[in-house]
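There are 2 protein chains.
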Amino acid sequence: MSEAQVTAVTREHAGEHADEHEAYCAVEHQLGVLLRRARAFSAEMGREVHPELEPGAYSLLIRIDEVVPARSSDLTEYFGVGKATISRQLKVLEELGLIEREPDPADGRAHLLVLTGEGRQRLAGARSARQERFRAMLGTWDLGDVELLARMLGRFNTLTDSWTEPGRERGRA
Amino acid sequence: MSEAQVTAVTREHAGEHADEHEAYCAVEHQLGVLLRRARAFSAEMGREVHPELEPGAYSLLIRIDEVVPARSSDLTEYFGVGKATISRQLKVLEELGLIEREPDPADGRAHLLVLTGEGRQRLAGARSARQERFRAMLGTWDLGDVELLARMLGRFNTLTDSWTEPGRERGRA
DNA sequence: GATTTATGGTTGCCCAAGGCAACTAGATGG
DNA sequence: CCATCTAGTTGCCTTGGGCAACCATAAATC
Chain A
1 MSEAQVTAVT REHAGEHADE HEAYCAVEHQ LGVLLRRARA FSAEMGREVH
51 PELEPGAYSL LIRIDEVVPA RSSDLTEYFG VGKATISRQL KVLEELGLIE
101 REPDPADGRA HLLVLTGEGR QRLAGARSAR QERFRAMLGT WDLGDVELLA
151 RMLGRFNTLT DSWTEPGRER GRA
Chain B
1 MSEAQVTAVT REHAGEHADE HEAYCAVEHQ LGVLLRRARA FSAEMGREVH
51 PELEPGAYSL LIRIDEVVPA RSSDLTEYFG VGKATISRQL KVLEELGLIE
101 REPDPADGRA HLLVLTGEGR QRLAGARSAR QERFRAMLGT WDLGDVELLA
151 RMLGRFNTLT DSWTEPGRER GRA
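Residue numbers (UniProt numbering), protein chains in the order written: chain A, 1 to 173; chain B, 1 to 173.
What follows is the structure, encoded as C-alpha cells:
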C-alpha cells in the first residue's frame with residue numbers, strides 16, 4: 001500500500017472533528033501553490049512539446065479530438081472559460097492548420113471542429129512528449145498513487161464544473 | 001474506507017504494466033482541466049473574500065504570515081515565479097497597507113516583510129471566507145478524501161518545486 | 001582598500017489568457 | 001413578418017508573469 005494511503009487510512013480512524021477544518025485548510029493551501037505555479041508549469045510543458053503549439057492549445061486539441069465533432073460551446077462549457085477566449089484560441093489553431101471549422105449543417109450559426117491530419121499528428125507528438133515529462137516527474141511514485149492523484153483531481157474537477165456554469169458569461173446565466 | 005481509496009487499492013493488484021501509461025495520461029488530463037480553470041477558480045474565490053484583496057494577493061499574504069520575517073526571494077522560490085512578479089504584487093500589498101517592508105538589518109539589499117495589523121485582520125477574514133467556500137465545495141466528501149486530496153496535491157507540488165529552480169529567471173540559472 | 005562579481009529588488013516593456021460588452025448571423029416562436 | 005434567443009466573433013480591458021536592464025549592497029579577489 002502506498003505512502004499516501006497509509007497515512008490517510010490512519011487518520012480516518014482518528015479524530016474526524018477538528019481535523020475537518022485542517023483538511024480544508026490544507027487543500028486550500030496546496031491548491032493555492034499549484035495554481036500559482038500553473039503558468040510556469042504549463043509553459044514548461046508546452047515549450048518542450050512543440051514551440052509552435054502554445055501551452056493552452058494542447059488541452060484544446062485533446063478535447064477536440066476526444067469529442068468529435070466538437071462545437072465551440074462544448075469547449076467553453078468543458079473548460080469553464082468564456083466563449084470569447086475559446087473563439088480566439090480556435091482561430092489560432094485554425095491558422096496553424098491544426099483544426100478545421102466547417103459550418104454545422106444542422107445549425108448555421110455553429111461550427112464543427114475537427115483536427116486536420118497535421119493537427120492529429122502534432123497532437124500525437126505533443127501528447128507523447130508530455131507524457132514523457134509526466135513520467136519523468138511522477139516516475140518515482142507508486143503506480144497506485146499516480147492513479148489516485150488522477151482520480152482525486154478528477155473528482156475535484158467535477159466539483160468545479162458545477163459552479164462553473166453561473167455568472168461571468170460562460171453559462172451566461 | 002472512501003470511494004477513491006477502494007478503487008485505487010483494487011487496481012493496485014491488477015495489471016501494473018499497461019496501466020502506467022494510462023495513469024500518466026489521466027493525471028495529465030485532469031491537471032489540464034484544472035489549470036485551465038485555475039483563473040476562474042481563483043477569481044471566484046477572491047471575489048467573495050474581499051474585493052480589495054485581489055485574487056493573487058491572498059496566497060502571498062498567507063505565505064508572509066507563515067514564515068516571518070519573509071523575504072521577497074523566499075516568496076519567489078516558494079511560488080516558483082520570478083522576482084519581478086512578486087515585487088510588483090508586494091508593492092500593491094504595501095500600498096493597501098496590508099504589509100510593511102522594513103529594510104533587513106542583516107542585509108542592506110533585502111527587505112523583511114511583515115503583515116500589518118490591518119493585513120492580519122483582512123487575512124483572517126479572507127481565510128475564513130475561503131475556507132467556507134471550500135467547505136461548501138468539499139463538504140460532501142469523506143473527510144479522508146479531503147485529506148487525501150490535500151496530501152496528493154502536496155506531493156505533486158513538491159515534485160514541481162524541484163524543476164522550478166532552473167530556467168526562465170526564477171533561480172536565474 | 002579598491003575593484004570585480006554576485007545577489008536582492010525594482011521597473012519598463014512585452015505577451016498570453018481571460019472577462020465583458022457590443023455586435024453579427026442564423027434559429028425559433030408569435 | 002417581427003421579436004427573441006443563441007453561437008461565435010471582435011474590441012477593449014485587466015491580471016499574471018517573463019525578460020532585461022538597472023540600482024544598491026555584499027562578497028570576493030587582488
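Cβ coordinates follow ideal geometry from the N, Cα and C atoms, glycine included.
Note that the coordinates shown come from a computational prediction; the quantities given were computed from them, not determined experimentally.
At 7 Å on the CB atoms, spell out the chain A contacts of residue i, in chain order.
{"i": "VAL81/B", "result": "ARG36, ALA40"}
{"i": "ASP104/B", "result": "Simply none; closest approach about 24 Å."}
{"i": "VAL146/B", "result": "ALA23, TYR24, VAL27"}
{"i": "ARG135/B", "result": "TYR24"}
Are the CB atoms of residue j and residue i within a distance shorter than 9 Å?
{"i": "ALA38/B", "j": "ALA38/A", "result": "yes"}
{"i": "MET45/B", "j": "ARG155/B", "result": "no"}
{"i": "VAL92/A", "j": "GLU118/A", "result": "no"}
Got a sec: is the Cβ-Cβ distance from residue i to anything in chain A below 9 Å?
{"i": "VAL27/B", "result": "yes"}
{"i": "HIS50/B", "result": "no"}
{"i": "ARG151/B", "result": "yes"}
{"i": "LEU112/B", "result": "no"}
What's the gap between the Cα of residue i and the Cα of residue j?
{"i": "ARG120/B", "j": "LEU98/B", "result": "7 Å"}
{"i": "THR116/B", "j": "LEU143/B", "result": "34 Å"}
{"i": "GLY108/B", "j": "GLU102/B", "result": "10 Å"}
{"i": "HIS29/A", "j": "GLN131/B", "result": "10 Å"}
{"i": "ALA84/B", "j": "SER128/B", "result": "29 Å"}
{"i": "VAL27/B", "j": "ASP104/B", "result": "42 Å"}
{"i": "TYR24/A", "j": "LEU148/B", "result": "11 Å"}
{"i": "GLY80/A", "j": "PHE41/B", "result": "9 Å"}
{"i": "GLU66/B", "j": "TYR78/B", "result": "12 Å"}
{"i": "GLU52/A", "j": "ILE64/A", "result": "18 Å"}
{"i": "GLU20/B", "j": "ALA70/B", "result": "41 Å"}
{"i": "GLU22/A", "j": "THR158/A", "result": "22 Å"}
{"i": "GLU169/A", "j": "ASP74/A", "result": "Annotation note: pLDDT 37 at GLU169/A (below 50); position unreliable, no value reported."}
{"i": "GLU94/A", "j": "GLU100/A", "result": "6 Å"}
{"i": "HIS111/A", "j": "VAL68/A", "result": "12 Å"}
{"i": "HIS50/B", "j": "VAL146/B", "result": "25 Å"}
{"i": "THR140/B", "j": "THR140/A", "result": "32 Å"}
{"i": "ARG135/B", "j": "THR160/A", "result": "13 Å"}
{"i": "VAL114/A", "j": "MET137/B", "result": "35 Å"}
{"i": "ALA150/A", "j": "ILE62/B", "result": "27 Å"}
{"i": "THR76/A", "j": "ARG36/B", "result": "11 Å"}
{"i": "ALA106/B", "j": "LEU31/B", "result": "42 Å"}
{"i": "GLY82/B", "j": "LEU96/B", "result": "22 Å"}
Quick one: measure Cβ to Cβ for residue i and residue j, integer angstroms, because I've assumed they're closer than 8 Å.
{"i": "LEU123/A", "j": "LEU34/B", "result": "In fact, because the Cβ distance is near 20 Å, the residues do not count as touching under 8 Å."}
{"i": "GLY125/B", "j": "GLN89/B", "result": "About 19 Å; that fails the 8 Å criterion."}
{"i": "SER59/B", "j": "SER72/B", "result": "Actually they are not in contact, since the Cβ atoms of SER59/B and SER72/B sit about 15 Å apart, beyond 8 Å."}
Indicate whether at least one CB of chain B lies closer than 9 Å to the CB of residue i.
{"i": "ALA70/A", "result": "no"}
{"i": "GLY154/A", "result": "yes"}
{"i": "LEU159/A", "result": "yes"}
{"i": "ARG88/A", "result": "no"}
{"i": "LEU123/A", "result": "no"}
{"i": "GLU165/A", "result": "The pLDDT assigned to GLU165/A is 44, lower than 50, so where the model puts this residue is not dependable; a value taken from the coordinates is nonetheless given after this. So no, GLU165/A is outside the interface."}
Applying a beta-carbon distance threshold of less than 8 Å, which residues of chain A neighbour residue i?
{"i": "ARG130/B", "result": "GLU28"}
{"i": "GLY32/B", "result": "TYR58, SER59, ILE62"}
{"i": "LEU96/B", "result": "Those do not exist, as LEU96/B stays about 19 Å from chain A at its closest Cβ, beyond 8 Å."}
Using a C-beta to C-beta distance shorter than 8 Å, which residues of chain B count as neighbours of residue i?
{"i": "ASP19/A", "result": "LEU143, GLU147"}
Check the Cβ of residue i against every Cβ in chain B and list those closer than 7 Å, keeping chain order.
{"i": "LEU93/A", "result": "Here the premise fails: no neighbours, minimum Cβ distance about 15 Å."}
Against residue i, what residues of chain A qualify as contacts under a CB-to-CB distance less than 9 Å, listed in chain order?
{"i": "LEU138/B", "result": "ALA23, TYR24, VAL27, PHE156, LEU159"}
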